[in-house]
Every structure is written in structure tokens, then in C-alpha cells.
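Chains as they are written, first to last, in the UniProt record's numbering: chain A, 1 to 284; chain B, 1 to 284; chain C, 1 to 284; chain D, 1 to 284; chain E, 1 to 284; chain F, 1 to 284; chain G, 1 to 284.
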Amino acid sequence: MFRNQYDGDATTWSPQGRLHQVEYALEAIKQGSAAVGVVSNTHTVLVALKRNAEELSSYQKKIVRIDDHVGVAIAGLAPDARVLSNFMRQQALASKMTFNRPIPIKRLVNMIAERAQLNTQEYGKRPYGVGMLVGGCDETGPHLYEFLPSGMVLEYLGTSMGARSQSARTYLERNLQSFPAATREELVLYALRALRDTLPQDHELTRQNVSICVVGKDEKFVLYDDDEETVQWLEKLGDTSPAAARSTAAAAAAAATATAAATSQEQQPEQATEESNPDAMDTN
Amino acid sequence: MFRNQYDGDATTWSPQGRLHQVEYALEAIKQGSAAVGVVSNTHTVLVALKRNAEELSSYQKKIVRIDDHVGVAIAGLAPDARVLSNFMRQQALASKMTFNRPIPIKRLVNMIAERAQLNTQEYGKRPYGVGMLVGGCDETGPHLYEFLPSGMVLEYLGTSMGARSQSARTYLERNLQSFPAATREELVLYALRALRDTLPQDHELTRQNVSICVVGKDEKFVLYDDDEETVQWLEKLGDTSPAAARSTAAAAAAAATATAAATSQEQQPEQATEESNPDAMDTN
Amino acid sequence: MFRNQYDGDATTWSPQGRLHQVEYALEAIKQGSAAVGVVSNTHTVLVALKRNAEELSSYQKKIVRIDDHVGVAIAGLAPDARVLSNFMRQQALASKMTFNRPIPIKRLVNMIAERAQLNTQEYGKRPYGVGMLVGGCDETGPHLYEFLPSGMVLEYLGTSMGARSQSARTYLERNLQSFPAATREELVLYALRALRDTLPQDHELTRQNVSICVVGKDEKFVLYDDDEETVQWLEKLGDTSPAAARSTAAAAAAAATATAAATSQEQQPEQATEESNPDAMDTN
Amino acid sequence: MFRNQYDGDATTWSPQGRLHQVEYALEAIKQGSAAVGVVSNTHTVLVALKRNAEELSSYQKKIVRIDDHVGVAIAGLAPDARVLSNFMRQQALASKMTFNRPIPIKRLVNMIAERAQLNTQEYGKRPYGVGMLVGGCDETGPHLYEFLPSGMVLEYLGTSMGARSQSARTYLERNLQSFPAATREELVLYALRALRDTLPQDHELTRQNVSICVVGKDEKFVLYDDDEETVQWLEKLGDTSPAAARSTAAAAAAAATATAAATSQEQQPEQATEESNPDAMDTN
Amino acid sequence: MFRNQYDGDATTWSPQGRLHQVEYALEAIKQGSAAVGVVSNTHTVLVALKRNAEELSSYQKKIVRIDDHVGVAIAGLAPDARVLSNFMRQQALASKMTFNRPIPIKRLVNMIAERAQLNTQEYGKRPYGVGMLVGGCDETGPHLYEFLPSGMVLEYLGTSMGARSQSARTYLERNLQSFPAATREELVLYALRALRDTLPQDHELTRQNVSICVVGKDEKFVLYDDDEETVQWLEKLGDTSPAAARSTAAAAAAAATATAAATSQEQQPEQATEESNPDAMDTN
Amino acid sequence: MFRNQYDGDATTWSPQGRLHQVEYALEAIKQGSAAVGVVSNTHTVLVALKRNAEELSSYQKKIVRIDDHVGVAIAGLAPDARVLSNFMRQQALASKMTFNRPIPIKRLVNMIAERAQLNTQEYGKRPYGVGMLVGGCDETGPHLYEFLPSGMVLEYLGTSMGARSQSARTYLERNLQSFPAATREELVLYALRALRDTLPQDHELTRQNVSICVVGKDEKFVLYDDDEETVQWLEKLGDTSPAAARSTAAAAAAAATATAAATSQEQQPEQATEESNPDAMDTN
Amino acid sequence: MFRNQYDGDATTWSPQGRLHQVEYALEAIKQGSAAVGVVSNTHTVLVALKRNAEELSSYQKKIVRIDDHVGVAIAGLAPDARVLSNFMRQQALASKMTFNRPIPIKRLVNMIAERAQLNTQEYGKRPYGVGMLVGGCDETGPHLYEFLPSGMVLEYLGTSMGARSQSARTYLERNLQSFPAATREELVLYALRALRDTLPQDHELTRQNVSICVVGKDEKFVLYDDDEETVQWLEKLGDTSPAAARSTAAAAAAAATATAAATSQEQQPEQATEESNPDAMDTN
């Protein structure tokens, strides 16, 4: 991408007003497996693809509980994610003890965003190498936020991050208007369909490789990892592999990618190669 | 622009007496979407163009409330803007609690300017990557200040920052003498017309992409985001796209740009390219 | 591997979103002699190959007791391992004194993981050069964790690290389903067979070069170093050299390696050379 | 000027015994608009050329009040000037409160000089980018000092700094002997004539672009910005553009410059180019 | 050896997972004169070759007393050795005063090892340039440890460090089984014969150039420097020059070296040259 | 002079055992105008050549009073000189208040020497760029010391520093034996004659450009700047320009320089050029 | 000597296990004028050659009193020597006040050695540029130590440092056996003869250029600088120039040098050149 003398340090501006080290940190997120989040009027759903480095290990955790009313799906460096989610848990606990109420999700997200921003402005640190979808339900209703290591935070109705997440976003955009009124189950299915579209050829969603988390107005954080419920949802999906979907989605995605690629993603081929070596670093 | 050995550090002077890193930070502002501010004898109006990275997300906040009597429009890195606006909010609150009166706007702006200057003179930090239009009304009347990451602060009758803001400034300069006596509504319309001139071809101002904020002598900070009032104002604008306006403004702007380009904006073409990739970094 | 301008510092991202210094630290582990861990429903077993730099010295310690309920097998820089295992011992002791119960193994592993992550994000430190298999039994049953200097921690049913550990993992994967129900002795034999597969040609497991450690639900940490029990287990193994095993395993391993080598292990030949000089640094 | 390996740091001597970074900082002053100071037996007068980056903004402040008995005219980076003048104001206030008398001007100047010297001898800071004419009247009478970012301070009867200030100095040198006995008005006119000589062709002094400040033995600091008095003085000047004056002054100036240029100002052409782009940085 | 961009700093990993600066520090030890240590069931013996830079000076100390029950033989930078042995003496004294018993030797060695490891992981320090044979007798019997600047510690039955120490190790390996039962005198003679094998041609062991230290279960630290006892032991050695011994040892050593040289000691010739200039640095 | 990789830092030795940054700092002194000091049995006299950058400014101070019994003549960077002379004044004052007697001159000089040495041994500072002749009279009689930024201090009977000071030293050496018994006036004349020999062709000593200071056993520090006494002394000198003197002195000086130039002053031509640009930095 | 990438920092090892910056600091000592020390059973004598930069100055101090029972002769950077000898004086004083007895010389030397070692192991400092002969008499009799900036300390019967000191050492080695029984006067003469051999052709020892210091069992530190006693001793020397002596000594010295030169002193010619420019730095 930008290989030059301005990219050795997060505190050095390029002549075009960019911080290359921050942009490189974002690349670590693209190497993580995909995560999807969607929000209805009553629920927030996070789903994520678990990647297990070896058959011998347990799956890496892709969705983490922060408190009864909020969880995060992560993409990027697992050790960095652990540091940030531990910090969030402490803040949630402190809020409960001090104010006797669940921490507002926006405040929680802003706390890690502030911490992340510091690492983009002080010499001798590095930007975090992880992105997060922070989803939950507080007094103001269900919310979904995307956190990036630049310190950027945006609220979404539905979004996706990680490898091949563009395909998921394309699906979400086309179904955007159906989310607000969706039932709990419908929302899970929307999320799973979006996640399915991030799978490479010959892969499918399975009970083992999918994490599903639901938080609702009247429902505490639930995490489905290798559960019977997962099986039932996957059955309702119909096709669990993206093959069929692809044929129709491909055209749209291709068009969307075509223009984007010209500017920011010229390396797509190289990245694809990286992905076949996912465990070189602890990307999650 | 200046690519050489003197531009790696905000604490290194070039042989011409320039601080290149500070100048590069200003480039980050040019990549943000445009914001416009105008002042009459009774009101300050800020308007800004919201850019949404994806349809799925909420629009990025371009105008932020600091206190009942003052708000800021931002252009540049959103995380840096959050740090600075949080700092301003704390200062405004502290002033209220200590002196029992709204903080004078000039003092508020000088506080962030001092903080920004430090980042241009100490090794291991970097200049902020955000500019701000700070507008409001205090005991001395309506005011509009432009804050730059160099620590520079100037008071304006009307100004603009962000992408293609030169066109807006051209419009403002031609209508300068009408601002002082303008009514609340007229002032909003002047600001919107200036903002309209920053739009690229085939774009127009809409209820969704415009933020409008008004502060007056007898009126607290009001923010119109996706409001009915916005619609009414846009209708009064007549043409919401710059196409027509361009034909007449083009000549003047072209002339103005011609001389400027010769000295400081030789890269205009390159920048234009950058702008088609606005979300590469969290520019706002 | 990646020799370029982005690999001098653990706080510098490569344009592909990698931290090369962290990846180089992982190479130090590959130069250590192999260690294997397996878990049943009742026991955790760690076995490791001792490498003695010279006949005159005692064998280097490959398995270290942390507490009655937990031990670690190490691969990589011995001095770094000592620092980390001393730290673990102190934490285990502190937990006992404060909470009057054995420290949960997961918490113990997370403590060193957090410490290791810091060394990947602060300038002026370096990532640790050692990996660890942390095995034991706490209130929640037997556990086996792999710790890496990136700060990565994963739970395993069985795994291996160090020189030629891929062969051991291949064996473990093929016998995975037999571990949970295995008896204490069977579990030790599974571990030793996996370890045997990491031996270079013309080497065999002996009473002297094997360390075996067992922790169980009702059994405190026991370490067999040059013991009679070791002899008996080795006799039950049948062939103590990998020669025979190799002929069958080779095909599978070769296949597995073939694809992996294409991406991340192109240097295999060079590393092999390094291994014939194992005592150049204090790899263990 | 001196582009080589010795100019990256204010703490590195060149083989010729020079501190290039300090010299580069002086260049920032040459890019500021001109300021002139003169002293009689009873008054100190500072005048300066205001440069407004855009018609929309208020003029940048060129003369700042420090206390009733002292003011400063600045040339160079405005944010650096603000830091130093704030510091001076605090010192003046502290002196008043501690000793119950106006701070001696010489002591005030030495205080910023000491602070500036530190920035030329400690790694990780940078020399200030601003020069100041500090003028006023204390118990020992009227004084005019020139402060430079090197930490240099000299007392003057009359001097000038900023763009094209050499022409002003030439005028002042030729009229030096008339200053001591000059009346208040005569002194202002001497200062304005010197300032007029710094104007580029086709420019003239106007009510808007001139700041005039007077301090006297029996007269507190007065600042004339866009005042009726300014108009009257300008009328008395006769010609407000340097055109006529130039024809006579040119010869003398040319001669003076000729020798100087040979040694230190070989870049004059390049600098001239810079000056046509005055607002690239916040030079004042 | 490894001359490249990864060897400037002890906190930088090479792509092969090595810390070159640590390995270079080990080279300083190879330039020190040889030291030998052996252990029986009852005694620990250290012997070392004193090298006197000039006839005028006293011999440099090669063996230093730490406490009544422990001493160290050093090879490498004398000033670094002094720092570490002073530290050991303080620890031994503190242990005596706090616990009222001699410090366990293993604990003592681990203390300097921990200190040395820090210098391999923090920027701005350097690894120590000295190795030590720490020998003595504590409650658990006689012990001999080798300390290296990497922070590595190993227990030995007999070992050697410094110039040409490989020859001594070859001798020790061939006589390993005789050490445990050896009498005090036999143990001294074994050590001296090993030391003799490190001598270059035409050199011999003399009363002046040999330091001998003995610690036993019932015998406090004794140091023989230029003593009558030394003379008697040397007489019992028979031949004090390695010439005769060499003829038989050469074959074995040559074989051993042959393989080793191929990997890690390619510079042997250069080192030999260095040794003829022993006092260039304060190697001991 | 020595332009290479060893001259970027005062804490880096060259292979020849030199500290180039310290030597470069000495060059700053050679660019200052000349100062001369001489000592008799009863008096110390300092004289110096004032250089005024412009006619408009007061002359730069070349001789500064520290206390009633001691003053300094400076050559080099004026801001550095101010820092050091302020420090000396504080020490002199502190000594008076603590011990109730004038500070011994030697102790005073050693204090700044120690401070200067620190700046040659700690990274991140720079050697001072100023030399000083410290002259005065304490309980042990009249003294003259030369202070250099290396931290070097030597006592002299008479010496000179600054531009062309070699000519003054040549004169002083030839008249050395006459100083001890010289009267106050004779001593002043010796100093002035030495100073006269440092003048370039076509320059002469004048009432305006000469500073004279006298301290005696029974005479407090007196400074003659632009005084009637100066005129009388200059009249007694006879010729105030070096022209005549040169013709005779030239031969001797030339011879002396000839040998010196071969080794250390090969750049003389370049330096001469520098001197025609004396005010580029604040050399004094 | 060793000009490469490993010599910029005292904390960087070369691949051969050397610290080049430390070795370069030793070069500063070789540029100092010679000093000689000898010890008998009753006395320690230090003699040194004073070099006066100019006739006008006092001779630089080559021998410094630390306490009644100990003095030091220095070679190398005078400001560094002052720092270290001040430190020694403070330690001697503190010892007297705390323990009521003269500080043991060995302890005194170890104190500066420890301080010097620190400067070879911490980034941002530099090794001292001075060597010292520390001579005196304490409770254990007369002693002579050589201190080097590496932190190295050795006791000597007689030795020499500084320019051409090899010739002195050759003389001392040939007369070594006569020192212990020598009388006070004989010892002084031995030292002077050794010093004489360090003189370049056409130079001789004189009352002015020789410093002699004697400390004895019953004799406090006495320093002879330009004394009548010096004259008497020089007369007893017979020939005060090395010319005659040289003819005989030359052969031996040449032989000794021949082998040494091959390894470590290839630059001898260059150094000789340096010596003709002795005052470039403050070598003493």
C-alpha cells in the first residue's frame, strides 16, 4: 500500500495527511475471521466465524461477554483483544458498583476509543491490532457499535468486519429495511446469512464454527457456542455454504469491489494469500 | 509537497523555517467533508456536510455541542476531534462551576490552541489531525473562530474548512457585507449556499447529509440533524446541487484558485484522488 | 522470512498488518527441543525431550513445577522461561495465601499472557523468546494451555511445540478421540509416542533424555526425570526410535507440510541447519 | 542555506560551530509581516503590518499588550508568539503582585530569552519560531528590545523585523539622530515611514493593515487598530505607498544588500517566492 | 558471524529467532584465559590460568572469593566481573545476616542470572561481557554452576570456559566417571590436567600463572596463588606443558572440533589472532 | 575538519579518541570578536572588541560584571554566555551570603567548568558555545582564567580568545616578562595593544568599539564602555590600527601560524569567510 | 582501527565481543603526555611530563593530591580527570570523617572503577576519557594502581601511561628487581629515567616540565613542581634528554614494538601526527 519513509511511526504524518501505521494496524483486522452484527428494535445479535488453528485446540473465542447487557465480537490480534475486553469488563463492573446501573454502551465504547487514540499519538506505543463489534442493550435500547484501533467509533444498524466482510455488508445493505421490525429469530437468521456470504468456496457454516450471541430488551447476554440452537438455526438457513448465494451476490459485490479496489485495495491478491496462512500471527 | 529530510518530526525546522509535520497535519483537514460557519449581529450558524462511510452506519457527527452557548463543526480525524471536544466540554463545565457563568468562547478556543501548540514543540507527540469551527454566543455577542492543529486561532465573519472549501469561501467573500444584518433564517441560507458550493458534481444537499446548528443571543445551541426544518430550508435554497451555481461561480473560483494553486496547491490533482477514498482514515 | 524495514521493532506494523518482531520471537521456540502435552478426563500429562549441551552438564530442565496442581513444559530461551516461571510461582503462592485455594490454571496463564502482550506494545522491550505448555488440574478439571510470546493463549486437548513438533501434532490429531477416556498410563504412552515422532533419524527416547510429568484430579504434580518408571514406560512403547513410525507417518506429515511450507516455512532447510547448532543460544 | 547532516537537531554543532536548527528557526521570522520599533527620550512606538489571510477573517494580531507599560510586536509563528506573550503577561502580573511595581522591561525580556535558550540546548524540543520587538517605558525610561528564538536579546534605538525589514532598517539608520528629541507624533511618523519601505510594489499602508502602539513616560500602552488616529497619521505621511520612496531608497538599499547577499542571503530569490505564500504556516 | 541489521540491539530478534547482541557478548568470554571447575562427592575445585598483561603488573585475579563456602572463576571483561562478584558478595552477606546461614549456591547463581537476563530485554543496557564458574559447597553438598551473560545457568560435574576451553572439556568428558570418588588432591590434579590442555604450544603451567581454589564439605574456601602447594601439585602433574598430552588428545579434539567448527566456530583463525593481543580490552 | 560518522553526538568517541562535537563547539568561540586578558602583581585587566550587528543597536556586551572582585569577557554565543554568567552571579551571591566573603575565583571557574563537562558526557544536551576569560582579584591576589566549553580551565598571565586572537597571543608572549611589575595604566595599554593586533585591515580601536575592565587589589570592578578614559588610553597607544604593527608582527605571526596551520587550521580560509558574516548567529 | 557499524555506542558489542567505544576512549589516554609510577618497600613515586599549551598559561596539572596519603597522575581529558579526582577527594574526606582513618587506596580506586564501568553499560553516557596512576601509602604499605576508563584496575610495581609510554615500560621492566629496596632518592631517579625515555627527540626534562610526587610510609604527599629539588634530581640523572639512552634502548624497544605493532598499533604513524597537535582537545 504505502511503503515509504512516513510509515515507521504512528506519530508521523505523511505529506498527504495520513498516519500510515494506523492504517497498517487496520490490516490486522482484515486478517481476522469475519464477524457480523445486526440490530432490531428489540435485540442486538452478533455472530462470528470461529477459526481453529489446529483440530487439537479449542476454537478461539470470537465473541466475549462484557456484562449482562453487552458483548463484543472481535477481529484481529487476540492478545490485544484480551487486553481491551478485560479493560471493558473492569469499567462495566466499576460502573455497576459506583452508579448501581449497567454502563451505557456508548460510554463503554468511548472509553476504549480514547485509550486507542492515545496509542496513535504517543511515540513508543503502537496502535492496537484489533477491531470490535460492541453490541448490547441499555436504557436507550439495542445498540451496535464498531470500534477501530484508530479510536474511531460509529453506530451501525448492521455491519461486518474481518476477512471477506465486504460480502456480508453487501447482503446487509440490501436487507437493511427489514431489521428494525425483525423478530429475535429473524434477526439471527439475517446475521447468519450475512456471515455465510463471507465464507470461501467449499466452506460452510457448522455447529462448531459459528458463535452466536443475542442480547435483548428483556433478555440478558446469551452465547451459543456449539449448541443445539445453533443447529436449528442453521437448518432454517437452508443452504449453509455461500455457493448458491454467491452466484447472485457475486455480480453486486464484484461491482462494489471494482471501484473500491482501484483506490484502496490494490493488494487484495496478496491479502488473499495471507489468509491461507491465518495462524502466523494470533489473528482471531 | 515537501518530501525531504526535514519532515519526519514536528520539532525539526526546515531550512526555510517551516515545520513540515505541522503542514502535513493540515492536509488531514482538507480530506474531511466541508463545514461552514457564519456570524450575524445576533446569531452564529454552523452547517456541515455529513459523509456516511456506508449506508449501514449512522452518519458521522460533524457538529458537536460543547455547552448551551457554543458548538463546534469539525473536519479531519474524528478520534482527534473527540479528544479535543471532550476537553472543551470539561473546560466549559469547570468554568460554569467555578465562575457560575458560561465560558467566554475566546478563552475556550485558546485552551485547545495551547494544547495543540505543545504537540508541535515536543518530541514524541504528533500535531492533532483535525480543524474546528468554534461558534457561539457569549457576553460579548456572537463569535466564530477557526482552530487549526498548528495552534493557530483566528476570528472570522464567515469561513469554511474541509474538502473543496475554497468554493465556499469564494461565495462567503462575495456576500460578506450582508451577514451582520441578516435574520436567523437568512444566515442559515447563506451558510447552506456556501456549503452547496463545496459539493462535487452530481451531488446535492439533502435532509440526511446536512447538519445545521444555530446559537443566538437569546437562543441556546440547537442542532438540526435530519429534521423537518432542514427540509424547509433546503426548499428555500431553490437548487440544492451546485450545478447551476457552479456555472457562475466557476469563473471567479477558477481565477482565485489559479494563483493560489501556483504556490501551495500544486498537488490538487492528487488530493482529488484521495477524496474519492474518504474513509481510508477516520476523516470526518 | 520477512526481512525489511518493518521488522526492527515490536511496535511497528508492517503494511500487511503484521508485527514481524513478534513473529521472529516465535522462531526461538521452534529451535527449542520438543515438548508434548495431552489431557484426559482425569489427568494432564506433559513430556519433553531434554537436550544436553554437553555430557558434562546436567540436562537442561524442560518441565518445571509451578505448584502442586500445575507445571509447565518450555521451549525456547531458558533465561526467559526462568523469569516467567518464577513469576508464575509467585502468583500461585500469592493466590494460595490470599484466597486459600490453588490458583485457577486459566487465570495463571492469562497473567503471563498479559505480561507478554505488554512486551509487544511498548518500545524498548522485546517479546519473550519462549513458549510454554501449561498443564494441570484445578477445580474445573484437567487443563492444557499453550502460551506464546505474542500473548496468545489457547486451550488444547493435546499439542506440541519446539523442533519438529509438527510430526507430534500429526500423531495427536489422529488419536484425538482416544484421549478423554485414557487411563493415566495410556495417556503417558500417547504423549511419549507423539514425542518419539519428533526425534531426528538415529535418535531414540531414553531414560536420560525424557522428562515426564503427571498431574491428576487426585494426584499432585509428579516429575519423572531419569526414573525407573520412565524405563518401564519406554519399554511399553516398543520402538523408542521414530524410524519405524516414520515410514507410515511420513506420508501424512509430508502432505501436511507440503501446503504449509509453501506459505510460512520456506526456510525449513535453513532452520534444520540451525538445529545442528542447538547451544548457540540458550534454547531449551 | 546549510543542508547537511548537522541540521536535524538544535543540540548538534556543525563543524563550523553553528547550530543550524536555530538558524532555520530565524527563517520563520523573515516570513512574518514587518514590524518596526523606535524610541525617543519620552516614548516608545511600535508599528506593524497586519496581513489578513483572507478577507473573511479579522486581521491577525501583530501587536499585543503585556502590561500598562509594555507591549510586543511579533513576527513569525503566531501560536509560538501566543505562548511567549502569555508567559510574559503572567510574569508582569506576578511582579506587580510581589513587588508592587511594573516589571522592569529588561528583566521581562531576559525571562523569555532564558526560556528560549533552553530550547536550543535540550534534545526533544525545538527553538521557538517567533521574534519579538518588546517596547515600553519603565523607571529607567523608554526601551526597545529585540528578542530572537536563539535566546539573543539586544537593545535598539530603532529596528525592524519580518519580511523586507532590511529596507526599514536602512531608513531608520539614516534618521537615527532625529529620534531622541522627536515628539510623540514625529516618532509615530518615523516608524510608519520605515514600515512603508517594507511594502511590496503596489501596496500601501491603510487604516486596516496598520497597527500602531505608543507607550510613554506619562502615557500607558495605547493600541491603534483601524482607528481614526491612524487615518490622520497616514495622511501626514503623504505618500502611503513605497513607490516614490523606493526610487531614492533603492540605490542605498541595493548597495547595502549587495554585500550582505553575497554571504548570507544567497537564497533571496527562493525566499521571495515563499513570501507570496504567506499563510502556508501561521506566520504573523 | 552474523553481521547484519538485526545485531545492533539486545532487544531485537533476528528473523531466525536469535538475539545477536547476546551472542556477541559470549564472544568476550572466549577471549578470556581459560578456567576449569570440577566436583567430587566432597569437594569443588576451580583452577584458572592467570594472564598478566605486562611483567610489571600483578596478575589479574581469575578466582574470587564470594563467601567461606563459595568462589567464582571468571572469563571475560574484568570490570563486568567485578560488578557481578561485588553483587554476589553483598547477597551472600545479606543472606547470612537475615537467615543466619550460608546462601544456597543455586540461589546465588540465579540472582545474577536474573540480573543478567534483564540486560538482554531492556533497551539502553548491554549484556554483561563475562562468564563465571561458580563453585562451592552448601547444605546440599558440592556444586559447580556455569553462568553466562544470556542469563543461562547450568549445573556441571566439570566444565571449562575461556580461550581454548574445548580441549579442557574433551579431557573432562573422558574422565567424568572418576570425579565423584576422587580425593581432594586427585580432584585438583584432574582440574590442572584439563587446564594444561588449554595452553598454547610452548607454554606451561607455572606457580605464577595458575590459580587454584578448593572448597569442601568440611573445608572453607582456600585460594592458592603463587603458593608452595601449587608447586607440589604441578610436580605431580608430570608434564606441565600440553605438548605431550596434545599428541594423544589432538586426534579426539580435532574430531570433536571438526563438526563443531563447521557450524559455530568458523572464525577460529581470527580469534587466534585476537588472542595474541589479549590486553586490548580488559578480558580476564 | 572532521566530518564523519563520529561527530553527531558529544557522547561518541572517534576512533582517535576525540569528541568531535566538543571540538565543533570550540569553533563557535573563534567566530566571536576578540577578548584579551592580562595580569600584573596588582591588577587584572580585560579588554574586548565590541561588534555591533547594526548601527541601530546598542553594542553587544562583551564584558560582564559578576561581583565586585570579578568579571568575565566572553567570546561565542551570547545566549549561552548569559546563562553561564547568571549562574556565576548566583554563586557569587550565595558565597557572600553563606561565607560572608567574596567567592574565590578559582572555585567560581571550577563551578562552570563542572557544569560544562556534564554537557559533554550526557546524551541529549550540547556543549556550551561560549568561551570566557574570567579575571579578578581575590584573597590570593589577581587571577586570570580561561574557561572553555569542554570544561577545560587554565590559569594565564595573559591570553586572548575569539577571532584572530592568535595575533594577540603572539604580542602577549613577546611582552610576558613585563606584566608582573606593570602599573595599572601600563597593563591596560598592554591589553589594548594585544587587542589592536586582532583587528582586520582598515579597522581601528575606537571609544565605541572597545570595552575595558579593571579589577585590582584595592580596586573594585570598573567597566569603561564608551568613556573618556578610553579615549585617553587610546591616544597613548599611538596608532590605533594594526596596520603599522602588523608589518613587524606579521613575520613572527606568520611563522607561528605556518606550523600550526599544517595540523589544525587547514580551514583558515573558510573561517575567514565566515567572519565576514558575523551576525548569522549570536556570536559575541 | 575498527571503523564500522558497531562502534557508535558503548552498549553495543561487536561480533568479536568487543566494545569499540570503550577502546576509542583509551585512545584519548595515549594522546596525553606521559606519566610514570614506581613503588618501593617504603615509598610510592609518581612523575609526569607537563605540557603547556602556550607559554602564557600555567602548566596543566598532571599530578593531583587526593589526600595526605594518596595522589594521582593523569593522562587524557583534563575535565574528565577533574570530575573523577573531585569525586576521589570527597570519598577520602568522607572516609576520614566516618571511619576516622585514611581511605584504603584499593577501595578508593575501586570506587572510581565502578563509576567508570557504569558509563560503559548505560546508553546515553560515554566512557571517561582519562587514565590515572593512583599512588600512595596506606596501612598495608605503598601501592600503585592503574585506572582505565573501561573500569579496569590493576596493581603495578611500576608502570607508565600516555604518549610514548611504551619506552618507559621497557625501561621499568629491565629494572623491576631494583625497586623494592630502592631508597627514596633512587626511586625518584628510576621514575625520572623512565619518564625521560618517553621524550621525543630534541626534548629534555626540565625544572619546568616535570612534576614529581612522593608518598612514603612516614611521609605525607609532597609535590615538587618547578622546585629546587627537581633541579638537583635532574642533575643526578646526568643526561636529561633521551638521545643517549635511546641508542641503547632503541633496539629493545623496537623489538618489543615490532610484534605489538603488528596487531594493535598499526596506526602509530597517524597517532604521531596527532601528537604534534596536542591542544586540539584538553588532553593532559
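In this text, a Cβ means the ideal position worked out from N, Cα and C, and glycines have one as well.
- Between the segment 121-134 of chain F and the segment 12-19 of chain G there are fewer than three inter-stretch CB-CB distances shorter than 8 Å, so the stretches are not counted as touching.
- Apart from sequence neighbours up to five positions away, the residues of its chain that approach G/Ala194 with a beta-carbon distance below 7 Å are Val36, Ser160, Ala168, Tyr171 and Leu172, ordered along the chain.
- Note that the C-beta distance between D/His43 and D/Leu187 is below 8 Å.
- D/Lys62 sits in coil when the DSSP states are folded into three classes, being neither helix nor strand.
- Under a criterion of Cβ atoms nearer than 8 Å, the residues of chain B adjacent to D/Asp282 are, in order, Leu148, Ser150, Gly151 and Met152.
- Excluding residues up to 5 positions away in sequence, Glu204, Leu205 and Leu234 lie with their Cβ nearer than 6 Å to the Cβ of A/Thr240 in the same chain.
- Within a 10 Å sphere around the beta-carbon of G/Ala75 sit 16 or more other beta-carbons, which makes this residue buried.
- For the segment 159-171 of chain F, residues whose beta-carbon sits nearer than 8 Å to a beta-carbon of chain G comprise Thr159 and Arg169.
- In the DSSP assignment, D/Gly141 is bridged to D/Asp138.
- In terms of Cβ geometry, C/Leu148 and C/Thr283 do not form a close pair [threshold 8 Å].
- Annotation for B/His43: the continuous beta strand (DSSP E) segment containing it runs His43 to Leu49.
- Ranking E/Lys236, E/Arg89, E/Gly136 and E/Gln117 by CA distance to the CA of E/Glu219 puts E/Gly136 first.
- A/Ala113 reaches chain B at Pro79 and Arg82, counting residues in chain order whose Cβ is nearer than 8 Å.
- Chain A places no beta carbon closer than 8 Å to that of B/Lys62, leaving this residue out of the contacts.
- The C-beta separation of D/Ile63 from D/Met88 comes to about 13 Å, leaving the pair out of contact by the 8 Å criterion.
- Per DSSP, the unbroken alpha helix (DSSP H) holding F/Lys30 starts and ends at His20 to Lys30.
- Taking C-beta atoms as the reference points, G/Ala94 and G/Leu108 fail to come closer than 8 Å.
- A distance below 8 Å separates the beta carbons of E/Gln117 and C/Val83.
- Assignment of beta-bridge partners to A/Phe147 by DSSP yields A/Met132 and A/Val153.
- Excluding five sequence positions before and after A/Cys213, the CB atoms of its chain that fall closer than 6 Å to its own CB belong to Leu46, Ile63, Gly71 and Leu223, given in chain order.
- In this structure, the alpha-carbon of B/Gln31 lies about 19 Å from that of B/Ser85.
- In the structure shown, the three-state DSSP call for F/Ala113 is helix.
- For the 8 Å CB-CB criterion, E/Gly158 and E/Phe179 form a contact.
- In the three-state DSSP reduction, G/Ile212 falls in the strand class (E or B).
- Look at the UniProt domain "Proteasome alpha-type subunits" (6-28) of chain G: the residues with a C-beta under 9 Å from a C-beta of chain F are Asp7, Gly8, Asp9, Ala10, His20, Gln21, Val22, Glu23, Tyr24, Ala25, Leu26, Glu27 and Ala28.
- Closer than 8 Å to the CB of D/Tyr128 there is not a single CB belonging to chain F.
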